[in-house]
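Asker: One structure follows; several queries about it will come next.
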Amino acid sequence: MAEKIFGLLGRKLGHSWSVPIHTALCCEGYRLIELEPDELEGFLRQPNIGGLNVTIPYKRDVMPLCDVIDPMAQAIGSVNTLTRRADGKLYAFNTDAAGFCWMAERAGISFTGKKAVILGSGGASLTAVACARHLGAREVVVISRSGENNYGNLDRHADADIVVNTTPVGMYPNTGAAAVDLTAFPRCSGVLDVVYNPRRTALLLQAEALGIPFSDGLPMLVAQAKAAEEHFFEKSIPDSENERILAQLRQECTNIVLIGMPGCGKTTVGQALAELTGREAIDIDQRIAERAGCSIPEIFAQGGETAFRALEREETAEAGKLSGKIILTGGGVIKDQRNYAPLHQNGRIYHLIRDLNILPTDGRPLSQSADLSAMWAERAPLYARFRDMEVQNSGSVQETAQAIWRDFCENSGT
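Quick note: the sequence shown uses this note's numbering, first residue 39, plus one each step.
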């Protein structure tokens, strides 16, 4: 008997998080399956299909090829899960709905009696609309680029309670953009974004700043995968698996970011962390020097601090898009508030603190001729604004690295 086929079906899949999620759920052999449209029907006629997830652009295209379509998937108008049962029939489901509902519940966002604005009108929007109604929303409005409700007349929906982004705006690698400004919705009490890379899109960073409960799309992705596995193998899987796998992925993908005064030990601690964790260390100052083709002191000598900060901002934005890295920043990165978003979007930020009296200054353009006490007085509140955790670097380098890693393992998965 031919081995059963499990995997994610799409046209151009690139990097997908589905394989590690399903592997963590013990679905051995789960793989990425890229097909052209004319290959779809022949592939789905195979009798040995075990379980498939379906993504863009085939969520609707596969429906005519299925024998049985679950009522929820029929109502939504798209499917994302297929399995061939013992009777030989191909069954179709939409587990995105289960994932969406779990994402909202986990974030503490209730739709009951609320007005929801759904940004986008694609396949993910269909799921969000169906779920919002299923969860008791009193009104659901879809915002599209051209239509009765669009981005040019958002003011007519200023009374919205919940904003859901189903567009790719803000998704890696084009981070930093948001489909809307949340201040357009003064009553907003919840924000959901189906994008999961970066962890905090520009929309979610604004929600966080405004104190609005929010969630990215990774909980949805994990929960829909768990629900799909239940259909694949016709067995129940504990909901606790969602939290276990989510925490595992958060830890693997979150960056460790080091900030602190010049000479506080970011480079040496970062190298120790790289050895401890097996992660790659990204030195932003080193990237700036490589890009400029000269040393940091030479950049200061030629263009002053203004020229250096412009390069620093650009390299910080690029480094912040990465996942699962150790990012080493320059001492003054906190002087430009615009550097916070790229560092925070995928990272947990650690502020290294060391006695000012033992900070080296050689080769450091700003600190070698400065009053370090005055510099600290200026920068201390800026470091506090950026950091998630303060770490004393007063013992050995290894002790500091281990302290950061312990905290990271405990807190990055939440």
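Heads up, the beta-carbon is just placed ideally off N, CA and C, and yes, glycines get one too.
Owing to the predicted nature of the structure, the values given are computational and were not obtained by experimental measurement.
How many angstroms separate the CA atom of residue 358 from the CA atom of residue 385?
Answerer: The sequence position of residue 358 within the sequence shown is 320, counting from 1. The sequence position of residue 385 within the sequence shown is 347, counting from 1. The alpha-carbon atoms of residue 358 and residue 385 are separated by roughly 8 Å.
Asker: I think residue 228 touches residue 199, with their Cβ atoms under 8 Å apart; what is that distance to the nearest whole Å?
Answerer: Position 190 of the sequence shown, counted from the start, is the residue given in the question as residue 228. Position 161 of the sequence shown, counted from the start, is the residue given in the question as residue 199. So it is a contact: roughly 7 Å between Cβ atoms.
Asker: Okay, do the segment 128–148 and the segment 241–258 touch, 3+ Cβ pairs below 8 Å being the bar?
Answerer: With the cut-off at 8 Å, the segment 128–148 and the segment 241–258 touch.
Asker: What's the call for residue 193, buried or exposed, on a 16-neighbour Cβ count within 10 Å?
Answerer: Position 155 of the sequence shown, counting from 1, holds the residue named residue 193. Label assigned to residue 193: exposed.
Asker: In chain order, what residues of the same chain have a beta carbon less than 8 Å from the beta carbon of residue 285, not counting five sequence neighbours either side?
Answerer: Within the sequence shown, the letter at position 247 stands for residue 285. Excluding residues within five positions, the ones whose Cβ falls inside 8 Å are 451, 452.
Asker: Can you say whether residue 125 is buried or exposed, counting buried as having 16 or more other CB atoms within 10 angstroms of its CB?
Answerer: Working through the sequence shown from its first residue, we reach residue 125 at position 87. Classification for residue 125: exposed.
Asker: Taking 7 Å as the limit between beta carbons, can you name the residues of its chain near residue 135, skipping five residues before and five after?
Answerer: For the purposes of this step, residue 135 is identified with residue 97 of the sequence shown, where counting begins at 1. So the list reads 110, 114, 165, 168, 169, once near-sequence residues are dropped.
Asker: In three-state terms, what does DSSP make of residue 288?
Answerer: Working through the sequence shown from its first residue, we reach residue 288 at position 250. Helix, per DSSP.
Asker: Just to confirm, is the Cβ distance from residue 171 to residue 179 under 7 Å?
Answerer: Position 133 of the sequence shown, counting from 1, holds the residue named residue 171. Position 141 of the sequence shown, counting from 1, holds the residue named residue 179. Not in contact: residue 171 and residue 179 (Cβ atoms no closer than 7 Å).
Asker: When you compare the segment 41–50 with the segment 87–100, are there three or more beta-carbon pairs, one atom per stretch, that lie closer than 8 Å?
Answerer: Yes, since at least three Cβ pairs between the segment 41–50 and the segment 87–100 fall closer than 8 Å, the two stretches touch.
Asker: Mind reading off the beta-carbon distance from residue 275 to residue 364? Whole number of angstroms is fine, and I expect it under 8 Å.
Answerer: Indexing the sequence shown from 1 puts residue 275 at position 237. Indexing the sequence shown from 1 puts residue 364 at position 326. Wrong, their Cβ atoms sit about 34 Å apart, outside the cutoff.
Asker: For the segment 308–328 against the segment 415–428, are there 3 or more C-beta pairs whose distance is under 8 Å?
Answerer: These segments do not touch.
Asker: Would you mind working out which of 382, 322, 315, 321 sits nearest residue 439, comparing C-alpha positions?
Answerer: Reading the sequence shown from its first residue, position 401 is the one you call residue 439. Selected option, being the one with the closest Cα: 315.
Asker: Considering only the alpha carbon of each residue, which of 75, 155, 268, 257 lies closest to residue 197?
Answerer: As a position in the sequence shown, residue 197 is number 159, starting the count at 1. Ranking 75, 155, 268, 257 by Cα distance to residue 197 puts 155 first.
Asker: Per DSSP, what kind of secondary structure is residue 389 in: helix, strand or coil?
Answerer: For the purposes of this step, residue 389 is taken as the residue at position 351 of the sequence shown. In the structure shown, residue 389 sits in a strand (DSSP, three-state: E or B).
Asker: So, helix, strand or coil for residue 293, using DSSP?
Answerer: The count along the sequence shown starts at 1 and reaches residue 293 at position 255. In the structure shown, residue 293 sits in a strand (DSSP, three-state: E or B).
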